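Following: one structure in structure tokens, then a few remarks.
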Amino acid sequence: MQRRTLLATASAMMMALAAPALAQDEPLKVGFIYVGPVGDGGWTYQHDQGRLAIEAEFGDRVETTFIESVPEGADAERALTQLALAGNQLIFATSFGFMDPVINVAQRFPDVKFEHATGYKTAENVATYDARFYEGRAVIGTIAGHMTESNKIGYIGSFPIPEVIQGINSSFIHARKVNPDVEMRIVWVYSWFDPAKEAEAANALLAEGVDVIMQHTDSTAPLAQAQAAGAIGFGQASDMAAFAPTPRVSSIIDDWSPYYIKRVQAMLDGTWESGSSWAGIGEGEVVIGEISEAVPEEVRAEALALRDAIGAGEYHPFTGPLNKADGTVWLAEGETASDADLQSMNFYVEGITAQIPQ
Amino acid sequence: MIQLVPRQSASNTWQIATPLLAVLATMITGGLLFAIMGHNPVAAIRTIFWDPLFGMASSYSRPQLLVKAAPLILIASGLAIGFRAGIWNIGAEGQYIMGAITGAAVALALYPLEAWWLFPAMVAAGLAGGWAWGMIPALLRNWFGASEILVSLMLVYVAQRIAAWMAFGPMRNPQGMGFPGSRNLQQYPSASNPELIAGTGAHWGVVAAAFAVLATWFLMSRHIRGFHVRAAGTAPRAARFAGVRPAVLVAFCLGLSGALAGAAGLFEVAGPAGQITDRIGVGYGFTAIIVAFLGRLHPVGILLAGLLLALTYIGGELAQLTMGLPAASVQVFQGMLLFFLLGFDLLTRYQIRRRITA
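So the sequences go chain by chain: G and B. Using the numbering used here, you'd call the opening residue of the first sequence number 856 and step up by one each time. Using the numbering used here, you'd call the opening residue of the second sequence number 5 and step up by one each time.
Written out as structure tokens, the structure is:
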């Protein structure tokens, strides 16, 4: 305890030296740490687009910096400390694995505000934020259910964590809703970005007769494989428009700009508060990319109607009756899933025959 | 006409001069690279090599040098002994991961027991895990003549898979809401490896690295085993007459370097990293190979080389932060260092002569 206070005092003193009293015309310094390179074309790229959106929105009133390709763990703690020591007052940590380092560093810099993406630990000066990607999955699941001819949909999973399992369940539920014969094949690649493994996974799925591929990984490799085999797929994280109109028939785009702009505005207004944000289609954080002409008009209309209903809050993608894969009841007729349930989701819904790797 | 003439024996002057020359050449070429990218090369080199030691936030970054250098020095000390005997352990990364897993397993199995002997038991388990992983290539080489280079390297990928399995399966934190990763050992007092004196960065891994430098120096210069190692490396046939049994030496070198890498993994997972995740291996085992060669396979050289490499990591982050240099340019920088070192190494074994032709 004593050591902690000592550290806190020391860092407070360092802060005082590093950042002389914030004058009105002094720009707000905003820092980012990224798990990948900004050129990954997927996850980190989209976060960096959010950073650029802040610069475009606020101009001279903000100054942003970033550290890219930071491994999760010990290095993240050092990178975060460096950002805080450099006088950044608001720091975005954009990967799940930065969670404990963020909490540690936030304790030493009580005057710096931290924002952690996709985690679940908050503090006085640590807020979390995430996007409801499963809302977008419902929309592309609907398209997939209509488009498949073999009635086999493939899903390339990154890691068996709640966020990814939500996506699998949401797309399966909505595919089956429009096509009761649909089956789902799932392959795990244990990476967020690995073109070689993703291509291999896509080929394994195609060999099983899958003709629609969904992916929760960030490279375009599955789309390239789908193209060669005459199957279709969807853009992930970024639009991947280069593969339109086929094999990419639509996409789920992460757009962090609305949230980043909102939080920077709160800092400038002095109204920043900790909290957990989980926004989706309605807030513009999950965007459905253009649905290409390869999709029949009535399917497009149905998908867009679903998107708008979710965005308006009229429909929740996890609405009962829904059973778990083991046959037990999860949601009764008309009941919707709670956020707490979703955030710890580790089961498939009824109809998916695969097992979640343990 | 320039000609390379082999030296009678390796030049002592060049032994010491080549690493310095390599660093200098890296700075010049790196500076050129930065200049081409539109940055001020002098400022970039100063940010990487000077600011972490004497810059604004150096009171923070200096201790961090120890934290970053400790695992590198610990692993490289072990590797260097094998390298001098011509036994090539390229898989320290895997041994590091296995040491982290076996060491953490002791703590996780006994959680929440608090006892003074827990941490020593974890260190022993970490040493044993790394040792056992190093013995696999040793035994395969002794029994079947398999190349220890390939076997140890391939076992890195096996270890990474085991780490992923542990993080998602047996070691997953039961209170982690379904997210991957073990309990955080930093929050488990008896199992944690904290800073021993606040503000120094020094944890038990730093102490162990210092001890490893002394111990390997003693071994190589004062102990009969060190003589065997050197004999086997310089004159294998003669070494047999001097009573060196190659099989024993292979087992000794791979076992020792494996054990030290395993200990480094344990100190890291109990300290700065905190938890077993699927990305527990962040490349220390591979970077340690650069450290070993940059340090001329000599304990004191390794100490300096480890600190230098740590400097490029931390300075590289600063350069990203203050100058916007991409992370990849720093990795290019580290690669250049090894490249120039191996290049200049020619001068220790060969003389450059100008041939006079009539």
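Beta carbons are placed, not taken as given, at the ideal position from N, Cα and C, and that holds for glycine. Note that the coordinates shown come from a computational prediction; the quantities given were computed from them, not determined experimentally.
Any non-hydrogen atom of the ligand GDP within 7 Å of residue i CB
| i | result |
| --- | --- |
| residue 233 of chain B | What this structure holds is no ligand at all, so the ligand GDP is not there to describe. |
Residue-level contact to chain G via CB, residue i, 8 Å cutoff
| i | result |
| --- | --- |
| residue 283 of chain B | yes |
| residue 68 of chain B | yes |
| residue 250 of chain B | no |
| residue 96 of chain B | no |
| residue 325 of chain B | yes |
| residue 19 of chain B | no |
| residue 266 of chain B | no |
| residue 188 of chain B | yes |
| residue 340 of chain B | no |
N-terminal and C-terminal residue of the beta strand (DSSP E) that residue i is part of
| i | result |
| --- | --- |
| residue 153 of chain B | No beta strand (DSSP E) contains residue 153 of chain B, which is instead part of the alpha helix (DSSP H) from 152-172. |
| residue 1204 of chain G | From DSSP, residue 1204 of chain G is part of no beta strand (DSSP E); its letter is neither H nor E. |
| residue 955 of chain G | Careful: residue 955 of chain G lies outside any beta strand (DSSP E), inside the alpha helix (DSSP H) at 954-963. |
| residue 1127 of chain G | Counting along the chain, residue 1127 of chain G falls outside any beta strand (DSSP E), and DSSP gives it neither H nor E. |
| residue 264 of chain B | Here residue 264 of chain B belongs to no beta strand (DSSP E); instead the alpha helix (DSSP H) covers 250-274. |
8 Å Cβ cutoff met for residue i and residue j
| i | j | result |
| --- | --- | --- |
| residue 133 of chain B | residue 107 of chain B | yes |
| residue 1069 of chain G | residue 1165 of chain G | no |
| residue 406 of chain B | residue 293 of chain B | No answer is possible for residue 406 of chain B: the residues shown for chain B start at 5 and end at 362. |
| residue 225 of chain B | residue 85 of chain B | no |
| residue 310 of chain B | residue 295 of chain B | yes |
| residue 391 of chain B | residue 102 of chain B | Residue 391 of chain B falls outside the range modelled here, since chain B spans only 5 to 362, and no answer is possible. |
| residue 90 of chain B | residue 269 of chain B | no |
| residue 1006 of chain G | residue 1038 of chain G | yes |
| residue 929 of chain G | residue 276 of chain B | yes |
| residue 958 of chain G | residue 978 of chain G | yes |
| residue 1067 of chain G | residue 1107 of chain G | no |
| residue 248 of chain B | residue 235 of chain B | yes |
| residue 78 of chain B | residue 209 of chain B | yes |
Interface flag, residue i vs chain B, CB-CB below 8 Å
| i | result |
| --- | --- |
| residue 937 of chain G | yes |
| residue 1060 of chain G | no |
| residue 908 of chain G | no |
| residue 887 of chain G | no |
| residue 923 of chain G | yes |
| residue 1207 of chain G | no |
| residue 965 of chain G | no |
| residue 1015 of chain G | yes |
| residue 920 of chain G | yes |
| residue 951 of chain G | yes |
| residue 1189 of chain G | no |
| residue 940 of chain G | yes |
| residue 987 of chain G | no |
| residue 1182 of chain G | no |
| residue 928 of chain G | yes |
| residue 955 of chain G | yes |
| residue 1055 of chain G | no |
| residue 992 of chain G | no |
Neighbourhood of residue i by C-beta distance below 7 Å, restricted to the same chain and skipping five residues each side
| i | result |
| --- | --- |
| residue 989 of chain G | 1021, 1022, 1025 and 1172 |
| residue 190 of chain B | 196 and 278 |
| residue 356 of chain B | 6 and 8 |
| residue 917 of chain G | 882, 883, 885, 909, 910 and 1119 |
| residue 953 of chain G | 888, 927, 931 and 971 |
| residue 1078 of chain G | 1088, 1095, 1098, 1102 and 1103 |
Opening and closing residue of the alpha helix (DSSP H) in which residue i lies
| i | result |
| --- | --- |
| residue 919 of chain G | Note, residue 919 of chain G: premise wrong, no alpha helix (DSSP H); beta strand (DSSP E) at 917-922. |
| residue 139 of chain B | 122-148 |
| residue 18 of chain B | 16-40 |
| residue 993 of chain G | 988-1002 |
| residue 92 of chain B | Per DSSP, residue 92 of chain B belongs to no alpha helix (DSSP H) and is neither H nor E. |
| residue 1095 of chain G | Neither: residue 1095 of chain G is in no alpha helix (DSSP H) and is coded neither H nor E. |
| residue 1084 of chain G | 1076-1084 |
| residue 208 of chain B | 208-226 |
Same chain only: Cβ atoms within 6 Å of residue i, ignoring 5 sequence neighbours per side
| i | result |
| --- | --- |
| residue 344 of chain B | 26, 29 and 30 |
| residue 221 of chain B | 303 |
| residue 332 of chain B | none |
| residue 1174 of chain G | 1191 |
| residue 281 of chain B | 171 and 185 |
| residue 1209 of chain G | 1041 |
| residue 55 of chain B | 322 |
Cut-off 8 Å between Cβ atoms - residues of its own chain near residue i, not counting five sequence neighbours on either side
| i | result |
| --- | --- |
| residue 889 of chain G | 899, 902, 903, 921, 922, 923, 924, 925, 949 and 950 |
| residue 352 of chain B | 11, 14, 15, 18, 19 and 22 |
| residue 251 of chain B | 146 |
| residue 943 of chain G | 884, 885, 886, 920 and 967 |
Report task. For the stretch 296-362 of chain B, list the beta strand (DSSP E) runs that are entirely contained and at least 3 residues long, ordered along the chain. Result -> 354-358
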